[in-house]
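Below: one structure, written as structure tokens.
Residue numbers (the working numbering), protein chains in the order written: chain P, 878 to 1262; chain D, 878 to 1262.
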């Protein structure tokens, strides 16, 4: 019941159509007390799904479940899913908002231009992990704080990566498509279905997600490799049995399966271009739940079409939402989804709690847990440098 | 190249259409030496896929890769995929075959009637695991030996089960269907997508496959339960952290996810009927790669339609191949495939080697590895009793 109230009161922000929604009559005048903040949240809209699960806090209607708490403290909380173009709902609030909460799943792109217009802006919070939709340099130059809920959905993403590895190597989707289209042809699946056991899996990046993936891969008896800027501590390395590969280009041709676990930065943007993909083993499987822009879109399409990449799966695209004509929707042997892996119900509850905790600290003038900072005092966190 | 020869020589057995295939001109007269045996193999036909992978030995065309070896020893080897009805190719060879090799993926049903007609039959070999397509009582009464390649694809099936658990709990398929139909609606996926971490997973049966599954589930930090006739040895139990549930009906309501890992026997046939399914938690996910007939087909459809079962995935059906109008093709929240999990390329190579080894022992009059026997000296193996 509590969730239903949240949902009802959140809906009033959806005025992007220009037509007042029936629930707009519920709008209360907010008498901002001194120190009261204007907080704007941009989340994906759930429509009929919003009321289907009381723990579905990550959508715009349920607004992280923090509306009652924020309003009881005298703050203003605007929530919308309308984030693009000069006439969008978000744009209207840019000039006077203090805090902007965004997510990687339905990214509100916080450009240098928007930052310039946002004269009151102090804090940019990412509900989830990955703040590359924010122009971090512009944010740092403007003296803003950018923080995310580090760790909130690392388990969610690592589990999802293992699922995608299995879907590709075991050739699940052609089998499922046979079922729904009334066919039965075991051979058409089996000729390219393999066990994961005994294969070589390499992760490009072994941060929190990469390490959780390696731990989950351990009992599958694979040959595990990882490339990162830093070697893992020996205990974790021996726990997973993964071997450090300092030279990425030396690791790539060894792998039957490559998983991307690197943040999107100036260095990783477009990193897997035609030349890099050519270094991969012919018939490689690629899983990328990191960021779509780490890949050269067309190079991936070409490699899937030629068979050099035998399967590509991930939930990240460039841009997001992926337009109807995005070529990854149409390339062969893809096992793609919309950006979902980090926004399971479990993940949502964790990042909603993390956002609430940071807002509470912000109101009190306290520091955040240090690992949450992406930009602090004009300085970028190390992985974004 | 060697594989191509196998494929060509195997094709001559495909005469079910009544029209001689162009390759039938390749047929050599086989001059059976004394002690020569007539061996018939029934496998799924691969057509254009047969030549696409040199290790694709499990199809009819490649015939386990043992044709040259068998024929060089003077044995006759007939291979077909035509297994049903009174006029099928298999039926023609029943009266004089000595050995029949079948698979669970494209089961040739060895009925009491066929056994009665097979006057020369001595040995029934299953390329794979699961010999329930054979009337085991009739085989025992007739003094036949029935054996399978125990262990040949247990890893394959366990991996596949973990994949299906993740596909269901993370709600993968609706997301993938959005991609191919040009949509983007994260909420429609997220409202019922969960992490596996923290959920309760119970396996009904903890034989070789069930144990491998539990080992692979270990790093996911689930609550693991298992029901079996016998408690695992304490070392394996503490290794997986799984808790023994002596009473199946007490375990069922505790589980968020149920995995069936029991053989099909008189006791397990139709075991998950309406009453048993009613004992499951509302919203349970069910994975069944064991045998389709363990479930009451309509009870599963009804429970998926009502939402009592929130997701059902497996590769086994009753009967197989599943007809076009099998209701599991059309029920909501299914993640089904044709029978594929045990016939990965890795699995095929293992069960082909196991069949060859048993044939070699059979020709020499030697015993098989004891764990391979399903019926020996008129006695059923313990799990089939």
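From the three backbone atoms N, C-alpha and C, an ideal C-beta is built for every residue, glycine too.
Pull the bridge partners of residue i from the DSSP assignment, please.
i: residue 1053 of chain D; result: Paired residue(s): none; residue 1053 of chain D is not in a bridge.
i: residue 914 of chain D; result: Paired residues: none, contrary to the question.
i: residue 956 of chain D; result: D:918
i: residue 1119 of chain P; result: DSSP output for residue 1119 of chain P lists no bridge partner at all.
i: residue 1211 of chain P; result: P:1189
i: residue 1104 of chain D; result: D:1081
i: residue 926 of chain P; result: DSSP, once it has assigned bridges, lists no residue as partnering residue 926 of chain P.
i: residue 1136 of chain P; result: P:1080, P:1164
i: residue 1172 of chain D; result: D:1149
My output table needs one value for residue i: the three-state DSSP class, helix, strand or coil.
i: residue 1222 of chain P; result: helix
i: residue 1097 of chain P; result: helix
i: residue 1252 of chain D; result: strand
i: residue 1065 of chain D; result: helix
i: residue 1165 of chain D; result: strand
i: residue 1259 of chain P; result: helix
i: residue 1190 of chain P; result: strand
i: residue 1263 of chain P; result: Outside the shown range of chain P, which is 878 to 1262, sits residue 1263 of chain P, and nothing can be said about it.
i: residue 1143 of chain P; result: coil
i: residue 1075 of chain D; result: coil
i: residue 1245 of chain D; result: coil
i: residue 977 of chain P; result: strand
i: residue 982 of chain P; result: coil
i: residue 1235 of chain P; result: helix
i: residue 938 of chain P; result: coil
i: residue 1023 of chain D; result: strand
i: residue 1156 of chain P; result: coil
i: residue 1047 of chain P; result: coil
i: residue 1087 of chain D; result: helix
i: residue 1041 of chain D; result: helix
i: residue 949 of chain P; result: helix
i: residue 898 of chain P; result: At residue 898 of chain P the pLDDT is 39, less than 50, meaning the model places this residue with poor confidence; the figure from the coordinates comes in the next sentence. If DSSP states are grouped into helix, strand and coil, residue 898 of chain P belongs with coil.
i: residue 1128 of chain P; result: helix
i: residue 970 of chain P; result: helix
Is the beta carbon of residue j closer than 7 Å to that of residue i?
i: residue 1204 of chain D; j: residue 1178 of chain D; result: yes
i: residue 1074 of chain P; j: residue 1097 of chain P; result: yes
i: residue 1091 of chain D; j: residue 1120 of chain D; result: no
i: residue 967 of chain P; j: residue 957 of chain P; result: yes
i: residue 1008 of chain P; j: residue 1023 of chain P; result: yes
i: residue 1070 of chain P; j: residue 1221 of chain D; result: yes
i: residue 1139 of chain P; j: residue 1170 of chain P; result: no
i: residue 1228 of chain D; j: residue 976 of chain D; result: no
i: residue 1128 of chain D; j: residue 1079 of chain D; result: yes
i: residue 1219 of chain D; j: residue 1034 of chain D; result: yes
i: residue 917 of chain P; j: residue 955 of chain P; result: yes
i: residue 1176 of chain D; j: residue 1151 of chain D; result: yes
i: residue 1162 of chain D; j: residue 1134 of chain D; result: yes
i: residue 997 of chain P; j: residue 973 of chain P; result: yes
i: residue 969 of chain P; j: residue 985 of chain P; result: no
i: residue 1064 of chain P; j: residue 1207 of chain D; result: no
i: residue 1068 of chain D; j: residue 930 of chain P; result: yes
i: residue 1055 of chain P; j: residue 1215 of chain D; result: yes
i: residue 1232 of chain D; j: residue 1004 of chain D; result: yes
i: residue 1061 of chain P; j: residue 1198 of chain D; result: yes
i: residue 1043 of chain D; j: residue 1213 of chain P; result: no
i: residue 1211 of chain D; j: residue 1189 of chain D; result: yes
Shorter than 6 Å, the distance from the beta carbon of residue i to the closest heavy atom of the ligand FMN, or not?
i: residue 1002 of chain P; result: Ligands in the displayed structure: none, and consequently the ligand FMN is not present.
Discussion item. Threshold first: 4 residues or longer. Then list the alpha helix (DSSP H) segments lying entirely within the segment 987–1021 of chain P, N to C.
Written reply: 989–994, 1013–1018
Fill in: Selection of the segment 936–955 of chain P by Cβ proximity to chain D, strictly under 8 Å
936
Fill in: Residues from the segment 1213–1232 of chain D in contact with chain P, defined by Cβ distance under 8 Å
1213, 1214, 1215, 1216, 1217, 1218, 1220, 1221, 1222, 1223, 1224, 1225
Worksheet entry | Positions along the segment 978–991 of chain D whose CB lies within less than 7 Å of some CB in chain P | 982, 983
Fill in: Contacting positions in the segment 1021–1040 of chain D - beta carbon closer than 9 Å to chain P
1030, 1032, 1033, 1036, 1037, 1039, 1040
Discussion item. Along the segment 1171–1203 of chain D, where does the CB come closer than 7 Å to a CB of chain P? Name the residues.
Written reply: 1198, 1199, 1201
Item to complete: Report the residues of the segment 1139–1163 of chain D with a CB closer than 9 Å to any CB of chain P, ordered along the chain.
Response: none
Fill in: chain P contacts made by the segment 1060–1075 of chain D, where a contact means CB separation under 9 Å
1060, 1061, 1062, 1063, 1064, 1065, 1066, 1067, 1068, 1069, 1070, 1071, 1072, 1073, 1074, 1075
Worksheet item: What residues in the segment 1080–1111 of chain P bring their beta carbon closer than 9 Å to a beta carbon of chain D?
Response: 1089, 1092, 1093, 1094, 1095, 1096, 1097, 1098
Worksheet item: What residues in the segment 911–929 of chain P bring their beta carbon closer than 8 Å to a beta carbon of chain D?
Response: 921, 922, 923, 924, 926, 927, 929
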